[in-house]
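Quick note on numbering: my numbering labels position 40 of the sequence shown as 87, and the sequence is numbered without any gaps.
Heads up, the beta-carbon is just placed ideally off N, CA and C, and yes, glycines get one too.
Keep in mind it's a predicted model, so treat the numbers as computed, not measured.
Working notes, beginning with the structure itself.
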Amino acid sequence: MDLMELIFVCLGAAVVVYYGVKLLFFARMLFPKLCFPLPKTFFTSMGEWAVVTGASEGIGRAYAFALAERGMNVVIMSRTKATLDQVAKEIGETTGQTVKVIATDFTNQNVFDEIEAQLKDLNVGILVNNVGTLPSHIPCKFLEFEELDKVSGTSAMCKMILPGMANRGKGLILNISSGIATIPFPLYTLYAASKVFVERFSLGLQAEYKDKGIIMQAIAPFGISTRMAGYQQTNTVTLSPEDFVKSSLLYLRAGDKTNGSVCHTLLGWLLQAIPLKVLYSEFMQHSLQDYVKKKTAQTASSSAS
C-alpha cells in the first residue's frame, strides 16, 4: 500500500468512526430513562427551592410546574405580577408546593440587588435561566428590529445563586438557549447571537464548576408553541412547552448541552448538514419569512374564530 492509499484508508476510517459515534449518541437519545437515569429524589436532593426566570408563560411556566410536581418549592420571576400571581395560585393548588413571586424587569440593570435580597435566605438548589426576548417572531434583518437593547439576566442570576451551590457542593442550573444558535442565522441574527452567548457562557461555567458538584446544562430547543413563536400549532417538530420540558428533564445527565428532545436533536444535525450558501441565499430567506408569516396568520385566524 503506497502513502496515498494509506491516507485515504485512514481518512475513511476516521469518517466511519466519527459518524459511528454520532449514531451511538443518537441511539442513546432514544432511551433517556435507560441511558441517563435519575434517582427519584434527584431534584429535591439539590435543595429546597427552584428559581425560574421568565416563568409567567411558555417554557418558564412549564419548568416551574414540572419542578413543583417533583417536590420543589419554586420562585417564579417575570415582569407582570398579576400573571405571576395567577401562575403561583395554579402551581400551589395543583402541587401543594410553596410558590414565591418576584415581579421584575431584567432589562433594568438596577433590579438585581433587590432580587438577591429576596432570595438571600432560600436554599436554592435549581436555577432555570429562561428569561429572554425575541424582538419579533416574524424574521427580519438586524436593522429592521425596533428594539436592539434587550438584555438577559442569565449571567447576573448565575452570579447570584452559584456561590451557595458551590458552598453546598451541589446544584443544577439550566440555561435556555435556542437551536437556531447552531449556526449564524440570518433574519434572527440578534436573537441567535444572544443565545450563542447563553450557550458558551453555560459551557464555560460548567468547566469551571463541575468539580464543585454542580450540573450546568445549556438547552437549545427549536420550535416550541409559545407567544414568542406566534403560538404555532403543535406537531412532531413544534412541541408544546409542557411536552418539551417533560422531555428535556430526561436528559439532564446527557451532557453539557442538549436540544432537549429527539426530534430537535435531529433538526440540529440536519441544520449543520445543509451548506451555508443554501441557507444564506435570498430565496431561502424570503421563503422563511413567507412561511412564518403564513403560519402566524393561520394561528391568528384560528384564534379569532
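Identify every run of the alpha helix (DSSP H) within the segment 69-144, keeping only runs that are complete inside it and at least 4 residues long; order them along the chain. 79-82, 89-93, 105-116, 128-142
Going by alpha carbons, who is nearest to residue 152 out of 294, 141, 200? For this step, residue 152 is matched to residue 105 along the sequence shown. Residue 200 is the option with its Cα nearest to residue 152.
What separation, rounded to the nearest whole angstrom, lies between the Cα atoms of residue 311 and residue 91? Working through the sequence shown from its first residue, we reach residue 311 at position 264. Working through the sequence shown from its first residue, we reach residue 91 at position 44. Going by the C-alpha atoms only, they are around 28 Å apart.
Since residue 250 contacts residue 175 with CB under 8 Å, what's their CB separation in whole angstroms? The count along the sequence shown starts at 1 and reaches residue 250 at position 203. The count along the sequence shown starts at 1 and reaches residue 175 at position 128. Incorrect: roughly 17 Å between the Cβ atoms, too far for contact.
Integer Cβ distance of residue 100 from residue 204, believed to fall under 8 Å: Indexing the sequence shown from 1 puts residue 100 at position 53. Indexing the sequence shown from 1 puts residue 204 at position 157. At roughly 6 Å, the Cβ-Cβ gap stays under 8 Å, so residue 100 and residue 204 are in contact.
By alpha-carbon positions, which one of 131, 164, 301 ends up nearest to residue 84? Here residue 84 refers to the residue found at position 37 of the sequence shown. Residue 84 has its Cα closest to that of 301, out of 131, 164, 301.
Looking only at its chain, what residues have a beta carbon closer than 7 Å to the beta carbon of residue 138, apart from the 5 residues adjacent to it on each side? In the sequence shown, counting from the first residue as 1, residue 138 sits at position 91. Only 111, 112, 115, 121, 144, 146 meet the Cβ criterion.
Relative to the alpha-carbon of residue 158, which residue among 172, 134, 125, 177 has its alpha-carbon at the smallest distance? For the purposes of this step, residue 158 is taken as residue 111 along the sequence shown, with counting starting at 1. Out of 172, 134, 125, 177, 125 has the C-alpha closest to the C-alpha of residue 158.
Mind checking whether residue 268 and residue 216 have CB atoms under 9 Å apart? Along the sequence shown, read from residue 1 onward, the residue named residue 268 stands at position 221. Along the sequence shown, read from residue 1 onward, the residue named residue 216 stands at position 169. No. Outside cutoff.
Going by beta-carbon coordinates alone, are residue 178 and residue 118 separated by less than 9 Å? Residue 178 sits at position 131 when you count from the first residue of the sequence shown. Residue 118 sits at position 71 when you count from the first residue of the sequence shown. No, the Cβ-Cβ distance between residue 178 and residue 118 is not below 9 Å.
Determine the direct distance from the alpha carbon of residue 53 to that of residue 253, and round the result to whole angstroms. As a working note, residue 253 is residue 206 in the sequence shown. As a working note, residue 53 is residue 6 in the sequence shown. If you take the alpha carbons of residue 253 and residue 53, they lie about 40 Å apart.
Helix, strand or coil for residue 59? Go by DSSP, reduced to three states. For the purposes of this step, residue 59 is taken as the residue at position 12 of the sequence shown. Reduced to three states, the DSSP call for residue 59 is helix.
Close beta carbons around residue 273, own chain, < 8 Å, minus the five adjacent residues each side: Residue mapping note: residue 273 aligns to position 226 of the sequence shown, counting from 1. Taken in chain order, the residues that qualify are 104, 105, 106, 288.
Ordered along the chain, which non-local residues of its own chain (more than five positions away) have a Cβ less than 6 Å from that of residue 163? Along the sequence shown, read from residue 1 onward, the residue named residue 163 stands at position 116. Correct list, in chain order: 207.
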